[in-house]
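Novice:
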Amino acid sequence: MEMIRLNNGVEMPQQGLGVFQVTDQSVCKESVLTALETGYRLLDTAACYGNERAVGEAVRESGLAREEVFLTSKVWIQDAGYDRTLRSFGKTLENLGTDYLDLYLIHMPYGDYHGSWRAMEELLRAGKVRAIGVCNFLPDRLCDLILSHEVVPAVNQIELHPFCQQRALRRLMEQYQIRPMAWAPFAEGMNGVFRHPVLSAIGAQYGKTPAQAVLRWLRQEGVIAIPKSVHAQRIRENSAVDDFRLSPADMVQIQALDLGHSLILDVSSVNEVYRLHGIRFEQ
Ligand SMILES: NC(=O)c1ccc[n+]([C@@H]2O[C@H](COP(=O)([O-])OP(=O)(O)OC[C@H]3O[C@@H](n4cnc5c(N)ncnc54)[C@H](OP(=O)(O)O)[C@@H]3O)[C@@H](O)[C@H]2O)c1
Numbered sequence: 000m001e002m003i004r005l006n007n008g009v010e011m012p013q014q015g016l017g018v019f020q021v022t023d024q025s026v027c028k029e030s031v032l033t034a035l036e037t038g039y040r041l042l043d044t045a046a047c048y049g050n051e052r053a054v055g056e057a058v059r060e061s062g063l064a065r066e067e068v069f070l071t072s073k074v075w076i077q078d079a080g081y082d083r084t085l086r087s088f089g090k091t092l093e094n095l096g097t098d099y100l101d102l103y104l105i106h107m108p109y110g111d112y113h114g115s116w117r118a119m120e121e122l123l124r125a126g127k128v129r130a131i132g133v134c135n136f137l138p139d140r141l142c143d144l145i146l147s148h149e150v151v152p153a154v155n156q157i158e159l160h161p162f163c164q165q166r167a168l169r170r171l172m173e174q175y176q177i178r179p180m181a182w183a184p185f186a187e188g189m190n191g192v193f194r195h196p197v198l199s200a201i202g203a204q205y206g207k208t209p210a211q212a213v214l215r216w217l218r219q220e221g222v223i224a225i226p227k228s229v230h231a232q233r234i235r236e237n238s239a240v241d242d243f244r245l246s247p248a249d250m251v252q253i254q255a256l257d258l259g260h261s262l263i264l265d266v267s268s269v270n271e272v273y274r275l276h277g278i279r280f281e282q
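All residue numbers for the sequence shown refer to numbering that gives the first Met the number 0, where the first residue is 0 and numbers rise by one.
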């Protein structure tokens with residue numbers, strides 16, 4: 000798996016497995032085990048996914064050494080703020096059965112995320128996390144966070160797929176060497192992504208599927224991707240993107256699919272702020 004360097008020098012795999020909405024613990028564990036056997040070394044979970052334990056069990060069962068796997072988790076809105084973030088982080092470590100995280104992220108740009116960031120800077124200094132970052136931060140809040148604290152986020156995990164390419168946000172991120180990490184690289188199946196004519200034609204030139212064309216495009220754009228699948232065959236299909244290269248013309252064609260707005264989560268929508276603040280759980 001290709002590695003990418005973060006702004007603090009830490010190297011992380013450029014592609015991994017996401018486990019959002021995989022609430023069945025045995026399905027989650029099985030998918031992670033399949034991914035690790037296939038060669039994945041980056042796993043993306045979150046406190047609010049309710050599957051940190053299953054991810055941790057799979058890592059231990061895989062027989063891989065802890066340092067061989069790059070573990071990412073996130074703190075949810077209910078635990079925004081300095082004290083709550085430290086507490087939630089402790090539970091995340093306990094659930095995953097590890098004593099450090101590779102990447103710890105603020106899940107949503109809501110609540111006292113400044114307090115969360117101070118806690119995360121402290122975790123970074125204490126060596127409890129190797130890198131810290133955010134998710135879903137739009138330019139204004141990202142800029143505010145950067146200007147208010149010492150540590151610049153290493154990553155901003157955002158909705159990023161051919162139909163929502165986040166060009167303006169990524170230009171700002173580039174100034175601070177903040178790596179884009181694509182969630183929903185397949186737009187969660189929207190817009191007929193898995194049978195899209197442009198993506199199908201591009202993939203077909205190399206004997207690849209539309210899904211593989213999308214992942215290769217993200218790879219060449221310097222984006223980290225965490226496609227989710229609970230099917231062994233798709234987990235393997237999604238990992239087979241190292242053996243071909245899209246031409247500049249292919250890249251331009253995919254760039255032209257950008258609709259310029261989110262399809263799944265508009266974090267600036269008041270309805271979403273209400274909805275997401277309402278999500279609470281026992282970690
Ligand atoms: N930070 C955030 O706010 C945030 C938000 C959303 C997601 N995420 C992270 O990003 C990860 C990925 O995003 P996502 O899960 O929302 O969406 P996604 O990866 O774009 O799409 C997942 C969907 O695509 C299907 N799929 C996967 N590979 C396929 C293939 N090769 N052919 C056909 N279908 C395929 C999966 O079905 P099967 O599983 O049935 O194969 C699933 O229905 C999440 O798991 C999570 O870790 C983060």
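From the three backbone atoms N, C-alpha and C, an ideal C-beta is built for every residue, glycine too.
With DSSP as the reference, identify every bridge partner of TYR103, one or two as the case may be.
Specialist: Answer is SER72, ILE131, bridged to TYR103.
Novice: List the residues that DSSP assigns as beta-bridge partners of CYS163.
Specialist: According to DSSP, which records beta bridges pairwise, CYS163 is partnered with HIS160.
Novice: Name the DSSP beta bridge partners of LEU16, please?
Specialist: Note: LEU16 sits in a beta bridge opposite LEU42.
Novice: So is the beta-carbon of GLU271 under 7 angstroms away from any non-hydrogen atom of ligand 1?
Specialist: Not so, every heavy atom of ligand 1 lies at least 7 angstroms from the Cβ.
Novice: Does the beta-carbon of LYS207, which I'm using as the reference point, lie nearer than 7 angstroms to any heavy atom of ligand 1?
Specialist: Not so, every heavy atom of ligand 1 lies at least 7 angstroms from the Cβ.
Novice: Hey, how far is the Cα of PRO108 from the Cα of ASN135?
Specialist: Spanning the two alpha carbons is a distance of roughly 6 angstroms.
Novice: Check whether the Cβ of TRP216 sits closer than 7 angstroms to any heavy atom of ligand 1, and report yes or no.
Specialist: No; taking the cut-off as 7 angstroms, the Cβ of TRP216 has no heavy atom of ligand 1 nearer than that.
Novice: Along the beta strand (DSSP E) that carries MET180, what are the first and last residues, could you check?
Specialist: Its beta strand (DSSP E) spans residues 178-182.
Novice: For ligand 1, I want to know if ARG235 counts as a neighbour, meaning its beta carbon is within less than 7 angstroms of at least one of the ligand's heavy atoms.
Specialist: No; taking the cut-off as 7 angstroms, the Cβ of ARG235 has no heavy atom of ligand 1 nearer than that.
Novice: For ligand 1, I want to know if ASN135 counts as a neighbour, meaning its beta carbon is within less than 7 angstroms of at least one of the ligand's heavy atoms.
Specialist: Yes, the Cβ of ASN135 comes within 7 angstroms of a heavy atom of ligand 1.
Novice: Do the CB positions of LEU41 and GLN14 come within less than 8 angstroms of each other?
Specialist: Closer than 8 angstroms, so yes.
Novice: Short of 7 angstroms in beta carbon distance, which residues of its chain neighbour GLY49, apart from the five on each side in sequence? Order them along the chain.
Specialist: Closer than 7 angstroms at Cβ, skipping near neighbours: THR22, PHE280.
Novice: For the alpha helix (DSSP H) that MET189 lies in, which residues bound it at each end?
Specialist: That residue, MET189, is in no alpha helix (DSSP H); it is neither H nor E in DSSP.
Novice: Is ASN94 helix, strand or coil when you go by DSSP?
Specialist: Of the three classes helix, strand and coil, the one that applies to ASN94 here is helix, per DSSP.
Novice: Out of curiosity, what's the CA-to-CA distance linking VAL213 and LEU198?
Specialist: Cα-Cα distance, rounded: 7 angstroms.
Novice: Below 7 angstroms CB to CB, which residues in the same chain sit around GLY202 once its five sequence neighbours on both sides are set aside?
Specialist: Answer for GLY202: THR208, PRO209, GLN211, ALA212, listed in chain order.
Novice: Go to GLU4, then tell me how far its beta strand (DSSP E) extends in each direction, as first and last residue.
Specialist: Residue 4 is actually Arg in this sequence, not Glu. Element bounds for ARG4: 2-4.
Novice: Looking at the structure shown, is VAL150 part of a helix, part of a strand, or coil, going by DSSP?
Specialist: Note: VAL150 maps to coil in three-state DSSP.
Novice: Quick one: residues in its chain with C-beta nearer than 6 angstroms to the C-beta of GLU56, no 5 flanking neighbours on either side, listed in chain order?
Specialist: If we look at GLU56 and ignore the five residues flanking it on each side, its Cβ neighbours are LYS28.
Novice: When you compare the segment 133-152 with the segment 117-124, are there three or more beta-carbon pairs, one atom per stretch, that lie closer than 8 angstroms?
Specialist: Output reads yes: the segment 117-124 touches the segment 133-152.
Novice: Out of ILE253, ALA231, HIS230, GLY191, which has the shortest C-alpha to C-alpha gap to PRO215?
Specialist: This sequence places Arg at residue 215; Pro is not what is there. It is ILE253 whose Cα lies nearest to the Cα of ARG215.
Novice: Taking GLY191 as the reference, which of HIS160, GLU220, LEU275 has the closest Cα?
Specialist: Residue HIS160 is the option with its Cα nearest to GLY191.
Novice: I'd like the span of the alpha helix (DSSP H) that includes THR33, first residue to last.
Specialist: 24-37 is the extent of the alpha helix (DSSP H) around THR33.
Novice: If you drop the 5 nearest sequence neighbours on each side, which residues of the same chain put their C-beta closer than 7 angstroms to that of GLU60?
Specialist: Answer for GLU60: LEU32, listed in chain order.
Novice: Name, in chain order, the residues that DSSP records as bridge partners for ALA200.
Specialist: BP columns for ALA200 are empty, so no partner.
Novice: Can you check whether the CB of ALA46 is closer than 8 angstroms to the CB of VAL68?
Specialist: Contact: no.
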